[in-house]
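Numbering (the UniProt record's numbering), first residue to last: 1 to 492. For reference, the structure discussed in these notes is given below.
Quick look at the structure:
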């Protein structure tokens with residue numbers, strides 16, 4: 001039983017069913033999700049399975065008159081009495097004392113937690129291979145070589161993408177700091193939606209980069225993304241950056257005729273594969289045929305955005321990771337003859353090389369002699385990036401921007417497991433992280449396929465608090481896509 005949209009789940013049930021039959025059908029949806037979670041454990045999409053909790057939540061939802069639906073939550077969100085690890089040895093046995101605000105709202109609407117999704121450790125990576133609990137594997141991988149080599153699911157929210165891809169959950173709740181949900185959505189042939197910064201509470205989301213982190217959704221349709229946005233948005237007293245979303249943040253079902261679509265010329269560079277370029281070009285032609293006005297625009301600061309992003313991110317990471325010292329919670333080293341030795345040994349033992357490297361880089365950027373050269377300059381460049389978006393949306397009249405999401409198809413693990421893999425991560429981040437720097441909404445839309453059947457997605461970007469426009473255009477573009485021919489997971 002796979003439903004195209006959870007928002008339409010209740011309407012999909014036959015009208016002649018008795019109430020008890022409806023309850024049975026809805027419980028079967030949860031039971032099937034649990035069955036698939038067990039069946040597809042070899043893809044390692046979940047760190048912690050919460051099947052008993054899901055069944056309890058489903059029964060409670062039915063008592064309240066809600067429609068239960070299976071969800072997976074990235075393991076960087078607090079979930080009370082459930083292990084929350086951030087895919088790290090440091091928090092391998094940490095039990096959260098409270099539940100994140102938006103997760104609570106999701107549960108109140110009928111969400112049933114199937115499990116906590118695997119990810120890159122502390123959200124640092126774009127392959128979901130840097131987890132203490134083992135790598136996540138894309139459902140598009142070759143079954144014969146799954147144990148030795150596999151297709152990357154993207155990251156850092158790779159477990160969220162694979163869970164929806166394999167039918168373990170209807171939707172998943174991820175986080176997006178520089179493309180962490182849009183990237184795996186593109187690699188798994190799904191929608192990945194990063195809302196405007198500030199309309200979803202970050203309370204209970206373990207921080208990576210406070211000014212860039214954004215709760216996000218991976219789903220099968222734009223309407224499901226919109227449904228979750230409606231459920232989870234709203235002011236939160238525990239997050240001073242959170243606001244009530246205006247009506248412009250939600251889908252209106254508006255026609256796309258007359259919509260002005262900007263094509264940023266800087267997004268075409270030497271790293272973009274011919275397949276992704278072709279998909280981007282075809283998407284522009286499709287929107288033009290639907291009555292949109294296509295307009296080339298220039299966003300010159302994009303060239304510097306990836307460098308700016310890493311300087312700002314590493315600086316914030318240094319601050320946020322300081323709490324993992326072995327004193328208050330998490331892993332504590334037995335080497336504690338001095339405070340310095342305790343801190344050093346705890347971090348060396350419990351944080352992977354990628355995390356330690358980024359902490360080291362952040363400390364370097366924040367040194368007194370380097371502060372203005374790196375961090376101060378990055379702040380100024382970030383302002384220029386935001387000004388580029390403001391100009392194309394508010395002065396040049398663009399309603400949305402159309403860009404690539406990744407530079408190529410999902411790579412094999414063997415292709416990204418060496419030093420060149422880090423280069424590939426930076427190349428993919430190039431297309432997604434500017435939206436986080438500017439705080440604007442963006443959605444990854446599955447659009448076409450390669451000759452081998454791998455998904456190619458494009459990205460729709462709108463102005464701040466204009467999320468509804470991005471969702472409406474994404475839905476219409478998807479209707480005229482050829483994703484029906486995208487290669488399906490071999491286990492479907």
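Idealized CB from N, CA, C, for every residue including glycine. Keep in mind the model is a prediction, meaning the values are calculated, not measured.
If distances are taken between C-alpha atoms only, which option among the options comes closest to residue i?
{"i": "residue 136", "options": "145, 120, 124 and 144", "result": "120"}
{"i": "residue 37", "options": "178, 366, 93 and 139", "result": "139"}
{"i": "residue 424", "options": "204, 125 and 62", "result": "125"}
{"i": "residue 218", "options": "250, 207 and 174", "result": "174"}
{"i": "residue 226", "options": "399, 303, 191 and 270", "result": "191"}
{"i": "residue 55", "options": "29, 412, 215 and 43", "result": "29"}
{"i": "residue 207", "options": "452, 324 and 411", "result": "324"}
{"i": "residue 318", "options": "294, 268 and 375", "result": "375"}
{"i": "residue 313", "options": "355, 410 and 239", "result": "355"}
{"i": "residue 282", "options": "90, 50, 31 and 458", "result": "458"}
{"i": "residue 68", "options": "76, 32, 101 and 40", "result": "32"}
{"i": "residue 256", "options": "64, 34 and 468", "result": "468"}
{"i": "residue 162", "options": "345, 251 and 186", "result": "186"}
{"i": "residue 93", "options": "332, 440 and 462", "result": "332"}
{"i": "residue 372", "options": "395, 348 and 311", "result": "311"}
{"i": "residue 154", "options": "177, 184, 347 and 178", "result": "184"}
{"i": "residue 385", "options": "193, 307 and 293", "result": "307"}
Alpha carbon to alpha carbon, what distance is there between residue j and residue i?
{"i": "residue 330", "j": "residue 388", "result": "42 Å"}
{"i": "residue 365", "j": "residue 377", "result": "11 Å"}
{"i": "residue 477", "j": "residue 286", "result": "7 Å"}
{"i": "residue 491", "j": "residue 166", "result": "No answer about residue 491 holds up, because its pLDDT of 42 lies below 50 and its placement is not dependable."}
{"i": "residue 407", "j": "residue 129", "result": "19 Å"}
{"i": "residue 2", "j": "residue 245", "result": "Residue placement at residue 2 is poorly supported in this model, since its pLDDT is 46, which falls under 50; the coordinates are not used for a value here."}
{"i": "residue 103", "j": "residue 224", "result": "16 Å"}
{"i": "residue 337", "j": "residue 343", "result": "11 Å"}
{"i": "residue 4", "j": "residue 220", "result": "Residue placement at residue 4 cannot be trusted, given a pLDDT of 48 that sits under 50; what the coordinates show is reported in the next sentence. Roughly 7 Å separates the two Cα atoms."}
{"i": "residue 48", "j": "residue 201", "result": "23 Å"}
{"i": "residue 327", "j": "residue 74", "result": "25 Å"}
{"i": "residue 392", "j": "residue 272", "result": "23 Å"}
{"i": "residue 404", "j": "residue 417", "result": "24 Å"}
{"i": "residue 247", "j": "residue 351", "result": "42 Å"}
{"i": "residue 402", "j": "residue 432", "result": "12 Å"}
{"i": "residue 151", "j": "residue 143", "result": "10 Å"}
{"i": "residue 45", "j": "residue 353", "result": "22 Å"}
{"i": "residue 203", "j": "residue 437", "result": "20 Å"}
{"i": "residue 397", "j": "residue 229", "result": "26 Å"}
{"i": "residue 460", "j": "residue 60", "result": "37 Å"}
{"i": "residue 133", "j": "residue 89", "result": "8 Å"}
Exposed or buried, which one is residue i when buried takes at least 16 other CB atoms within 10 Å?
{"i": "residue 213", "result": "buried"}
{"i": "residue 481", "result": "buried"}
{"i": "residue 171", "result": "buried"}
{"i": "residue 14", "result": "Confidence is the limiting factor: at residue 14 the pLDDT is only 45, short of 50, which leaves the residue's position unreliable and the question unanswerable from this model."}
{"i": "residue 78", "result": "buried"}
{"i": "residue 210", "result": "exposed"}
{"i": "residue 159", "result": "buried"}
{"i": "residue 235", "result": "exposed"}
{"i": "residue 97", "result": "exposed"}
{"i": "residue 472", "result": "buried"}
{"i": "residue 42", "result": "exposed"}
{"i": "residue 147", "result": "exposed"}
{"i": "residue 429", "result": "buried"}
{"i": "residue 145", "result": "exposed"}
{"i": "residue 241", "result": "exposed"}
{"i": "residue 305", "result": "buried"}
Might you give, ordered along the chain, the residues of its own chain that have their beta carbon closer than 7 Å to the beta carbon of residue i, omitting 5 neighbours on each side?
{"i": "residue 296", "result": "263 and 265"}
{"i": "residue 131", "result": "87, 118, 119, 120 and 121"}
Bridge partners for residue i per DSSP, in chain order?
{"i": "residue 448", "result": "456"}
{"i": "residue 383", "result": "Paired residues: none, contrary to the question."}
{"i": "residue 264", "result": "297"}
{"i": "residue 373", "result": "Beta-bridge pairing links residue 373 to no other residue."}
{"i": "residue 174", "result": "216"}
{"i": "residue 71", "result": "113 and 171"}
{"i": "residue 404", "result": "458"}
{"i": "residue 443", "result": "193 and 460"}
{"i": "residue 83", "result": "95"}
{"i": "residue 77", "result": "205"}
For residue i, collect the residues of the same chain with a Cβ closer than 6 Å to its Cβ; drop the 5 residues on either side in sequence, then sort them by chain order.
{"i": "residue 475", "result": "222"}
{"i": "residue 341", "result": "335"}
{"i": "residue 321", "result": "359"}
{"i": "residue 156", "result": "119, 120, 123, 125 and 180"}
{"i": "residue 414", "result": "149"}
{"i": "residue 441", "result": "195, 196, 462, 467 and 470"}
Tell me which same chain residues have a C-beta within less than 8 Å of the C-beta of residue i, skipping the five on either side of it?
{"i": "residue 483", "result": "189, 446, 447, 448, 449 and 455"}
{"i": "residue 95", "result": "81, 82, 83 and 84"}
{"i": "residue 71", "result": "106, 111, 112, 113, 114, 169, 170, 171, 172 and 173"}
{"i": "residue 412", "result": "149, 150, 151 and 152"}
{"i": "residue 363", "result": "318"}
Give a yes or no on whether 8 Å exceeds the smallest Cβ distance from residue i to chain C.
{"i": "residue 177", "result": "Among the protein chains of the structure shown there is no chain C, as only one such chain exists."}
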